[in-house]
Amino acid sequence: MEKFLFHRPCPLCGTAQGWLIRPLRYALFDDLGLSGVSPLVACSSCGFVFNDLSEGSEALAAYYRGNDHYSVSTTAGSGGSTPVECARYERLLERLDEWLDPTQTILDVGCGKAGLLLYLRDRGYSSLFGLEASNACRDFVGSIAGLSVVERIEQLPEAPSVVVVSHVLEHLYDPLSFLREIVSASDPDAIFYIEVPNTAVLLDAVIPWSWFYFEHINHFDRSHFLAMIQKAGLAPMAVDTWSFQPGEGSEMDCLYVLCQREENVENNISDSGLAMYLANGLPVQPVSGDQIAEILSTNRDLLLWGLSQYAMLILGMHPEILERLKGLFDVSSAKIGRKIRGIEIRSSANLINFNEKFILIPKSIYTADMICQLMKYDYNNNSYLVI
Ligand SMILES: [Zn+2]
């Protein structure tokens, strides 16, 4: 691996240099004012894998404040109240059963649209708090009776006795400091439930690159996850893995820990296993050379449907595709009308007018439905490519 000096110190140990695993680059929305340059690196001291961001913590904080994706998204993990989300909450409550009762004060960190808190409220819990960076999500929750959602930890009116931090740490510029603040704002006997994606199994995915979201800037295996928990002053009581949502994917997909406060826990880890796993196993580029050749060989105009973060990674990593693109399409109201490299995103309903074009579809859970839609619009099998 190539030597690399960090703009962003190692989030686990503070070291300023390490190794470049892959030079990630995203073509983000033009209105964000972010470069999208996000190299995947490993710390030379502790081996932690993360993305080096030249733009600093304030740029990322501004991104999350203004991000209304989670207020309109219905995908699992956005903190809503869909049946899939409720199945996740039910599984979590079963796991926390021995520590939960309705007299406790519960904090959901990164609560989104407060789906978990509403689920608890319906089951008799009344002391419910959320912490949420997105202005749009807090506005959404603000009108719901019985819930209190704040932007910053110091605004919490009470010290929580049960704290849920699920799929948050991987998003944060300084996850260790954040965790320490949460711990010090909580009851001394509080129980913490903390869950992150398990990057140690990422290469088992059909398309590993599709799991590198721009927002995921910290990548955990079990040893680095536990090291961060312990450095934050927490002692693990149980560590395990399970799927992101019950019955879907692999039972290895997510790492979680149940822990309590403990002083003087030291963990001086040095483990480059995850860095080597990714450096040796991750394909060099998101789209293969064969697919690039197929895409560039068409004489038809190229359109891309589905502006996921994976799509933005493809566009950032493959300028040869971006240069040929004549249109971008999506179904989300949070994306339609915005621009990427000057190209305005239009509603996918307009695709009915373009069946002589060539559509690129970055693979997602919606791919099969999208192909069905193209068939209804009289596209044929040679007029799209799933990448
Ligand atoms: Zn480190």
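Numbers given in the numbering used here equal positions in the sequence shown, counted from 1, plus 54.
Glycine included, every Cβ here is placed at the ideal spot set by N, Cα and C.
Item to complete: Tell me whether V260 is buried or exposed, calling it buried when 16 or more other Cβ atoms sit within 10 Å of its Cβ.
Response: Residue numbering aside, residue 260 sits at position 206 when the sequence shown is read from its first letter. With fewer than 16 other Cβ atoms within 10 Å, it is exposed.
Practice prompt. Compute the distance between the beta-carbons of M291 and Q314, then report whether it is under 8 Å.
Written response: Residue 291 sits at position 237 when you count from the first residue of the sequence shown. Residue 314 sits at position 260 when you count from the first residue of the sequence shown. Yes.
Discussion item. Please classify P242 as buried or exposed, where buried requires at least 16 neighbouring CB atoms within 10 angstroms.
Written reply: Here residue 242 corresponds to residue number 188 of the sequence shown, with the count starting at 1. In the assembly as shown, P242 is an exposed residue. Its beta-carbon has fewer than 16 other beta-carbons within 10 Å.
Discussion item. What I want to know is whether the C-beta of R102 ends up closer than 7 Å to one or more non-hydrogen atoms of ligand 1.
Written reply: Within the sequence shown, residue 102 is the residue found at index 48, counting from 1. The question names Arg, yet the displayed sequence has Phe at residue 102. Yes, the Cβ of F102 comes within 7 Å of a heavy atom of ligand 1.
Item to complete: Find out if the Cβ-Cβ distance for the pair Y438, I406 is shorter than 8 Å.
Response: The count along the sequence shown starts at 1 and reaches residue 438 at position 384. The count along the sequence shown starts at 1 and reaches residue 406 at position 352. For Y438 and I406, no; Cβs fall outside 8 Å.
Discussion item. At 4 residues or longer, what runs of the alpha helix (DSSP H) sit wholly inside the region 273-305?
Written reply: For secondary structure counted as the alpha helix (DSSP H) over 4 or more consecutive residues, the region 273-305 holds these complete runs in sequence order: 276-285.
Discussion item. Below 7 Å, is the gap between the Cβ of L332 and the nearest heavy atom of ligand 1?
Written reply: Counting from one through the sequence shown, the residue named residue 332 turns up at place 278. Not one heavy atom of ligand 1 sits closer than 7 Å to the Cβ of L332.
Item to complete: Inspect the beta-carbon positions of S188 and D122 and report whether they are closer than 8 Å.
Response: In the sequence shown, the residue the question calls residue 188 occupies position 134. In the sequence shown, the residue the question calls residue 122 occupies position 68. Yes.
Worksheet item: Cβ of L223 within 7 Å of any heavy atom in ligand 1?
Response: By one-based count along the sequence shown, residue 223 stands at place 169. False, no ligand heavy atom lies under 7 Å from that Cβ.
Worksheet item: From this set, E56, A115, Y247, which residue's C-alpha is nearest Y227's C-alpha?
Response: Taking the sequence shown and counting its residues from 1, the one referred to as residue 227 is at position 173. Checking every option, the nearest Cα to that of Y227 belongs to A115.
Fill in: Closest Cα partner of L171 within the set D151, Y143, S197, C308
Mapped onto the sequence shown, residue 171 falls at position 117. Closest option to L171, judged by alpha-carbon separation, among D151, Y143, S197, C308: Y143.
Worksheet item: Hey, is S326 close to ligand 1, as in C-beta under 7 Å from one of its heavy atoms?
Response: In the sequence shown, the residue the question calls residue 326 occupies position 272. No; taking the cut-off as 7 Å, the Cβ of S326 has no heavy atom of ligand 1 nearer than that.
Worksheet entry | Length of the line joining the Cα atoms of D85 and K393 | Here residue 85 corresponds to residue number 31 of the sequence shown, with the count starting at 1. Here residue 393 corresponds to residue number 339 of the sequence shown, with the count starting at 1. Each residue's alpha carbon lies about 7 Å from the other.
Worksheet item: Which whole-angstrom value describes the C-beta separation of S378 and L350, a residue pair presumed to lie in contact below a C-beta threshold of 8 Å?
Response: One-based indexing of the sequence shown puts residue 378 at position 324. One-based indexing of the sequence shown puts residue 350 at position 296. At residue 378 the sequence reads Arg, which differs from the Ser that was named. So it is a contact: roughly 7 Å between Cβ atoms.
Item to complete: Mark G343 as exposed unless 16 or more other C-beta atoms lie within 10 angstroms of its C-beta, in which case mark it buried.
Response: The residue you call residue 343 lines up with position 289 of the sequence shown. That one is exposed.
Practice prompt. Round the Cβ separation of L147 and F266 to the nearest angstrom and send it over; I've been treating them as touching at under 8 Å.
Written response: Taking the first residue of the sequence shown as 1, we reach residue 147 at position 93. Taking the first residue of the sequence shown as 1, we reach residue 266 at position 212. Not really, about 31 Å apart at Cβ, beyond 8 Å.
Worksheet item: How many Å lie between D151 and Y247 at the Cα?
Response: Within the sequence shown, numbered from 1, the residue matching residue 151 stands at position 97. Within the sequence shown, numbered from 1, the residue matching residue 247 stands at position 193. Going from the Cα of D151 to the Cα of Y247 covers about 12 Å.
Discussion item. Please tell me whether L74 and L82 are closer than 8 Å, where the distance is taken between their beta carbons.
Written reply: Within the sequence shown, numbered from 1, the residue matching residue 74 stands at position 20. Within the sequence shown, numbered from 1, the residue matching residue 82 stands at position 28. Not in contact: L74 and L82 (Cβ atoms no closer than 8 Å).
Practice prompt. Assuming V217 contacts A244 (C-beta within less than 8 Å), just tell me the rounded distance between them.
Written response: As a position in the sequence shown, residue 217 is number 163, starting the count at 1. As a position in the sequence shown, residue 244 is number 190, starting the count at 1. Indeed, because the Cβ distance is near 6 Å, the residues count as touching under 8 Å.
Practice prompt. Below 8 Å on the Cβ atoms is my guess for I441 versus Q345; work out the distance and round it to an integer in Å.
Written response: Taking the first residue of the sequence shown as 1, we reach residue 441 at position 387. Taking the first residue of the sequence shown as 1, we reach residue 345 at position 291. Approximately 6 Å separates the beta-carbon atoms of I441 and Q345; this is inside 8 Å, confirming the contact.
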